[in-house]
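Trainee:
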Amino acid sequence: MLRARRGESTDEWYTTWPVVDRELSLHMDGLRGMRVYCNCDGPESMFAQWFAMHYTQLGLAGLRLSRFNPASHTLFAPDASGDTWEWDGAGWVHARLHGDGSFDSVECLRFAAQADVVCTNPPFSLLGQYLPLMVEHARHVLVLGNMNAVKYHGVFPLMMGGRLRLGYDTGRMGFMVDGERPAVLSTARWFTTLPVERAPFHPQGTGEGLPVFDAHPDVVCVDRLVLLPDRAGLYGVPVTVFDRLPAPCWRVRGLFTSGTHSYGMGAPMVGGRERFARVLVERLPDWMVRS
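Our numbering puts the last residue of the sequence shown at 334; the count rises by one with no breaks.
#1: Identify the residues that DSSP records as bridge partners of Thr58: which are they?
#2: Please classify Ser229 as buried or exposed, where buried requires at least 16 other C-beta atoms within 10 Å of its C-beta.
#3: How is Phe111 classed by DSSP in three states: helix, strand or coil?
#4: Alpha carbon to alpha carbon, how far is Gly297 from Pro200?
#5: Which residue comes first and which comes last in the alpha helix (DSSP H) that contains Leu170?
#6: On the DSSP bridge assignment, give the partners of Ala231 in chain order.
#7: Apart from the five residues just before and just after Arg267, which ones in its own chain have a Cβ nearer than 8 Å to its Cβ?
#8: Touch check for the region 140-150 and the region 62-79: three-plus C-beta pairs under 8 Å?
#9: What residues in its chain sit with their C-beta under 6 Å from that of Ala95, if we drop five residues either side in the sequence?
#10: Please name the residue, chosen from Val149, Met331, Phe299 and Leu323, that lies closest to Glu317 on a Cα-to-Cα basis.
#11: Leaving out five residues on either side along the sequence, give the residues of the same chain with a beta carbon under 7 Å from the beta carbon of Ser148.
#12: Compare the beta carbon distance of Ala156 and His183 with 8 Å and say whether it is the shorter of the two.
#13: By DSSP, does Phe154 sit in helix, in strand, or in coil?
#14: Give me the Cα-Cα distance between Val63 and Pro175, rounded to the nearest whole angstrom.
#15: Here's the rule: buried if 16 or more other CB atoms are within 10 angstroms of the residue's CB, otherwise exposed. What is Asp72?
#16: Once you ignore the five residues that flank Val193 on each side, which residues in its own chain have a CB closer than 7 Å to its CB?
#17: Taking the DSSP output, what are the residues bridged to Glu317?
#18: Tell me whether Trp293 is buried or exposed, calling it buried when 16 or more other Cβ atoms sit within 10 Å of its Cβ.
#19: Comparing alpha-carbon positions, which option in Gly315, Leu288, Val255 and Leu277 lies nearest His245?
#20: Comparing C-alpha positions only, which one of Phe90, Leu170 and Met177 sits nearest to Leu108?
#21: Taking Tyr80 as part of the beta strand (DSSP E), name the residues at either end of that continuous run.
#22: Under a Cβ-count criterion, where at least 16 other Cβ atoms within 10 Å of its own Cβ denotes burial, should Glu66 be classed as buried or exposed?
#23: Specify the secondary structure class of Thr236 as computed by DSSP and reduced to three states.
#24: Within 10 angstroms of its Cβ, does Pro165 collect 16 or more other Cβ (buried), or is it exposed?
#25: Rounding to the nearest angstrom, what Cα-Cα distance links Ala114 and Cys83 in this structure?
#26: Find out if the Cβ-Cβ distance for the pair Leu327, Ala275 is shorter than 8 Å.
#27: Starting from Asp261, trace the beta strand (DSSP E) both ways and give me its first and last residue.
#28: Using 8 Å as the threshold, is the region 207-215 in touch with the region 307-316, meaning 3 or more CB pairs across them?
Below is the structure:
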């Protein structure tokens, strides 16, 4: 379930069954025998229902849910606690948490460390905090997010280093707003540490007529991946390159974006105009790849 950021929005976006089933079905082999933890979910969530339905088929070692209680820390319920459920093979066993059920609470981080995989749809507004925290504490993650998250300070290094990657489904994903109104997100993506096997992207552009960045004349600006040439050099490409990274002779080197960033190359200025964020990639010479 995609939760609104702790009271900052009245809309709640609910993950639909097709979105969950389409991605998780492609990870069946990787999920077998695992202890699964969904840390933004109750029994009504599609994640909970999918794992409960496939519990025996996957031979899961355990299935736990937990959910933040938005009433906690308020004037009327300062001591309200979150909820947790465990699947016993036939139904959900409920218990109250000691804390508020927030994913970053000591209690829930302990659950994450005990699990083999954390799988959920966390608040998109907190992905910059959520993803690095789960990668640090959990053995594996498989969570929904927004493509914009690849640019976040704590997330980009994980993507660049290969510890975190995008899942299989990169199309338009359907959600239910407040459980009633259907909505589609074209920028939704799955983030995971599980293996993802897909055909590599083979650039076939000519490179002719492509501009360079104002402050980095050695870097060619590529606005569409279809224009990317397959020859040695540095290129600034759209963030959608993470959907299907060229391999094995390509490397991610940095990020062109406004503001300060640990791996930032400055604003993506071309001809005095700022473009959308661009990922800096390098096509290595063939002799370096062979060696």
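C-beta: ideal position from N, C-alpha, C; glycine also.
Mentor: According to the structure data:
#1: Phe218
#2: exposed
#3: coil
#4: 9 Å
#5: Leu170 to His180
#6: Asn189
#7: Pro281
#8: no
#9: Trp130
#10: Phe299
#11: Gly142
#12: no
#13: helix
#14: 22 Å
#15: exposed
#16: Phe199, Met202, Val282 and Phe285
#17: Met312
#18: buried
#19: Leu288
#20: Phe90
#21: Arg78 to Cys81
#22: buried
#23: coil
#24: buried
#25: 15 Å
#26: yes
#27: His259 to Cys264
#28: no
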